[in-house]
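Quick note on my numbering: the sequence shown kicks off at 287 and runs consecutively. Notes for the one structure printed next.
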Amino acid sequence: DTSHVWGGRFSEPTDAFVQRFTASVGFDQRLAVQDISGSLAHADMLRHVGVLTAAEHRQIVDGMRQVQEEIDRGEFNWSTALEDVHMNIEARLTELIGSTGKKLHTGRSRNDQVATDIRLFLRDAIDTISTALTHLQRGAVSLAEAHADTVMPGFTHLQTAQPVTFGHHVLAWNEMLERDHGRLMDCRARLNQCPLGAAALAGTPYPIDREHTAQALGFDAPTANSLDSVSDRDFAIEFCSFAALLMTHLSRISEELVLWTSAQFDFVRLPDRFCTGSSIMPQKKNPDVPELVRGKVGRVNGNLVALLTLMKSQPLAYNKDNQEDKEPLFDTVDTVIDSLRAFGDMLPAVEPCVDNLREAARRGFSTATDLADYLVRKGMPFRDAHEVVGNAVAHGIDEGLDLAEMDLATLQSFSTTIEQDVYGMLTLEGSVAARNHIGGTAPEQVRAAIDRARALLEQR
Ligand code: ARG
Numbered sequence: 287d288t289s290h291v292w293g294g295r296f297s298e299p300t301d302a303f304v305q306r307f308t309a310s311v312g313f314d315q316r317l318a319v320q321d322i323s324g325s326l327a328h329a330d331m332l333r334h335v336g337v338l339t340a341a342e343h344r345q346i347v348d349g350m351r352q353v354q355e356e357i358d359r360g361e362f363n364w365s366t367a368l369e370d371v372h373m374n375i376e377a378r379l380t381e382l383i384g385s386t387g388k389k390l391h392t393g394r395s396r397n398d399q400v401a402t403d404i405r406l407f408l409r410d411a412i413d414t415i416s417t418a419l420t421h422l423q424r425g426a427v428s429l430a431e432a433h434a435d436t437v438m439p440g441f442t443h444l445q446t447a448q449p450v451t452f453g454h455h456v457l458a459w460n461e462m463l464e465r466d467h468g469r470l471m472d473c474r475a476r477l478n479q480c481p482l483g484a485a486a487l488a489g490t491p492y493p494i495d496r497e498h499t500a501q502a503l504g505f506d507a508p509t510a511n512s513l514d515s516v517s518d519r520d521f522a523i524e525f526c527s528f529a530a531l532l533m534t535h536l537s538r539i540s541e542e543l544v545l546w547t548s549a550q551f552d553f554v555r556l557p558d559r560f561c562t563g564s565s566i567m568p569q570k571k572n573p574d575v576p577e578l579v580r581g582k583v584g585r586v587n588g589n590l591v592a593l594l595t596l597m598k599s600q601p602l603a604y605n606k607d608n609q610e611d612k613e614p615l616f617d618t619v620d621t622v623i624d625s626l627r628a629f630g631d632m633l634p635a636v637e638p639c640v641d642n643l644r645e646a647a648r649r650g651f652s653t654a655t656d657l658a659d660y661l662v663r664k665g666m667p668f669r670d671a672h673e674v675v676g677n678a679v680a681h682g683i684d685e686g687l688d689l690a691e692m693d694l695a696t697l698q699s700f701s702t703t704i705e706q707d708v709y710g711m712l713t714l715e716g717s718v719a720a721r722n723h724i725g726g727t728a729p730e731q732v733r734a735a736i737d738r739a740r741a742l743l744e745q746r
């Protein structure tokens with residue numbers, strides 16, 4: 287109706303459906319804490335530059351405290367007629383303290399207000415996510431440490447390739463997560479500028495002090511351009527892009543855990559508390575947690591595409607389109623926090639089946655490359671060595687024998703270069719220990735990599 291705060295130039299009430307359609311308070315009330323912080327910083331700045339008196343400022347601070355308490359107690363009456371979180375809070379403040387409440391919006395617009403709120407919200411979320419990601423990485427490094435010597439098959443094309451250690455495999459996961467954390471910190475650094483003062487789009491004629499509000503809210507600096515300040519949502523897109531990649535990594539780890547817990551692999555066990563049963567098949571223990579995390583990549587990728595599409599072709603400066611930024615962002619934050627929590631609890635509790643891992647590595651001719659390398663060291667060109675070993679493997683497949691199980695005469699029938707010392711090369715331990723360089727799977731290197739990973743985590 288014409289009683290809206292902006293109702294002065296209107297001659298008929300807003301259509302009831304349009305009111306509901308354009309309102310965002312149903313979801314943006316989640317920004318209440320940030321909205322109040324932003325308002326308090328703005329009011330303090332207005333007092334500092336003499337636009338508000340000390341008494342007016344005090345009234346606003348006291349009124350806002352009461353508003354915050356009402357919200358905390360769940361007693362705040364959110365109204366769709368008041369459209370969004372910003373106008374709901376301001377209206378309640380004015381109810382409580384009278385016309386001084388109406389002075390709060392001096393030198394400000396909802397456009398710079400909402401941009402500030404989202405940045406504050408996302409900065410908090412990033413800090414929570416950073417802690418959760420660090421916790422997960424610590425768990426991964428501990429799991430790697432416990433199994434720095436545990437031999438398993440390494441795969442390419444999901445076919446047995448060469449022996450690796452379980453610890454080395456888990457450290458590969460940690461590398462993905464380490465890069466994710468770096469991207470998260472990059473996002474935080476670029477996000478941490480304060481849009482307050484941009485007002486609607488052009489700035490404001492009041493003698494504002496943008497450094498003052500920026501500092502009060504813990505931002506590194508005010509944003510540089512008023513038009514960009516109210517229309518930029520890059521920080522939300524960068525965050526969702528970080529999230530899409532993190533979730534992609536968690537889905538890759540999930541996929542391996544799902545495969546490895548199957549009876550056909552039987553590489554690891556997940557504690558019962560991370561699994562569920564079947565309502566019909568009594569024998570079932572399903573790896574629900576990794577499956578669900580794998581599935582949640584879909585919504586996170588969708589949210590990223592939603593935000594990119596939201597911003598595409600938007601003219602400067604603020605457009606109502608931007609009200610659509612919040613739900614994808616909130617959903618992404620919630621999904622990432624829950625997924626990291628699930629993984630942070632579960633990963634350290636993964637129990638590798640050491641004997642099965644070893645047996646799988648032994649069965650798949652995983653030391654075939656080691657035999658070829660042995661022949662090369664004795665002077666044979668690599669391509670010829672590859673051929674010799676290929677023939678030995680074909681024989682092993684026919685006879686059901688691993689290379690290490692063939693007697694010397696049999697091995698020598700493929701090449702007389704082979705001597706008794708070959709058996710040292712064909713053991714799983716010999717194979718992994720030989721890959722002893724930075725980034726290699728030798729247990730000695732895995733332990734060095736664990737030390738480096740821990741040192742990085744300590745610096746956070
Ligand atoms: N609810 C709006 C949003 O989420 C706040 C900014 C509205 N500004 C405006 N001029 N309509 O983006």
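Idealized CB from N, CA, C, for every residue including glycine. All values reported here derive from a predicted model rather than from experimental measurement.
| query | result |
| --- | --- |
| Measuring alpha carbon to alpha carbon, tell me which of L317, L326 and A741 ends up nearest A502. | L326 |
| Using a Cβ-Cβ cut-off of 7 Å (strictly less than) and excluding sequence neighbours within five positions of H285, which residues of its own chain qualify? | With the chain covering only 287 through 746, there is no way to say anything about residue 285. |
| Enumerate in chain order the residues of its own chain whose CB-to-CB distance from R733 is below 7 Å, with the five nearest sequence positions on each side excluded. | A434 |
| Confirm the yes/no value for this check: CB of N374, any heavy atom of the ligand ARG, distance under 7 Å. | no |
| Should K389 be labelled buried (16 or more other beta-carbon atoms within 10 Å of its own) or exposed? | buried |
| Quick check: the segment 317–331 against the segment 400–408, are at least 3 beta-carbon pairs closer than 8 Å? | yes |
| Answer yes or no: the CB of Q320 versus the heavy atoms of the ligand ARG, is any distance below 7 Å? | no |
| Any heavy atom of the ligand ARG closer than 7 Å to the CB of V400? | yes |
| Can you tell me whether DSSP reads F441 as helix, strand or coil? | strand |
| Would you kindly work out how many angstroms separate the C-alpha atoms of L422 and L633, rounded to a whole number? | 7 Å |
| Inspect the beta-carbon positions of I736 and V427 and report whether they are closer than 8 Å. | yes |
| Applying the criterion that 16 or more other CB atoms from any shown protein chain within 10 Å of the CB defines a buried residue, is N589 buried or exposed? | buried |
| Indicate the three-state DSSP secondary structure (helix, strand or coil) for E637 in the structure shown. | strand |
| Going by beta-carbon coordinates alone, are A488 and S512 separated by less than 8 Å? | yes |
| Taking the alpha carbon of L317 as the point to measure from, which residue in R405, F303, A367 and T308 has its own alpha carbon closest? | R405 |
| Would you mind sorting N608 into buried or exposed? The rule is 16 or more other CB atoms within 10 Å of its CB. | buried |
| From the DSSP output, in three-state form, read off C480 for me. | strand |
| Does DSSP classify D287 as helix, strand or coil? | Only weak support exists for where D287 lies, its pLDDT of 48 falling under 50; the value from the coordinates is given anyway. Coil at D287, not helix or strand. |
| Would you say D518 touches the ligand ARG, meaning its beta carbon is less than 7 Å from a heavy atom? | no |
| I'd like the list of long-range same chain contacts for D348, defined as Cβ closer than 8 Å, with 5 residues on each side in sequence excluded. | I383 |
| To the nearest angstrom, how far is it from the Cα of D520 to the Cα of A484? | 17 Å |
| How should H443 be labelled, buried or exposed, when 16 other C-beta atoms within 10 angstroms of its C-beta is the threshold for buried? | exposed |
| Are the Cβ atoms of D704 and L714 separated by less than 8 Å? | Before going on, a small fix: residue 704 reads as Ile here, not Asp. Going by C-beta atoms, I704 is not nearer than 8 Å to L714. |
| Is DSSP giving R378 helix, strand or coil here? | helix |
| Which of the three DSSP states is assigned to T490 in this structure? | coil |
| In whole angstroms, what is the alpha-carbon distance linking G312 and T366? | 8 Å |
| Expressed to the nearest angstrom, what Euclidean distance is found between the alpha-carbon atoms of E610 and H535? | 27 Å |
| Compute the distance between the beta-carbons of L419 and L578, then report whether it is under 8 Å. | no |
| Could you tell me the distance, in whole angstroms, from the CA atom of C480 to the CA atom of T490? | 15 Å |
| Does the distance from the CB of G440 to the CB of A447 come in under 8 Å? | yes |
| If I'm right that S517 touches Y604 with Cβ under 8 Å, what's the distance once you round it to whole angstroms? | 6 Å |
| Taking 7 Å as the cut-off, is the CB of R396 close to at least one heavy atom of the ligand ARG? | yes |
| Should D514 be listed as close to the ligand ARG, given that the test is whether its C-beta is under 7 Å from any heavy atom? | no |
| Since N587 and A530 are thought to touch, with beta carbons under 8 Å apart, how far apart are those beta carbons, to the nearest angstrom? | 5 Å |
| Considering W364, what are the terminal residues of the alpha helix (DSSP H) in which it resides? | No alpha helix (DSSP H) holds W364; DSSP gives it neither H nor E. |
| Does the ligand ARG have even one heavy atom less than 7 Å from the beta-carbon of S310? | yes |
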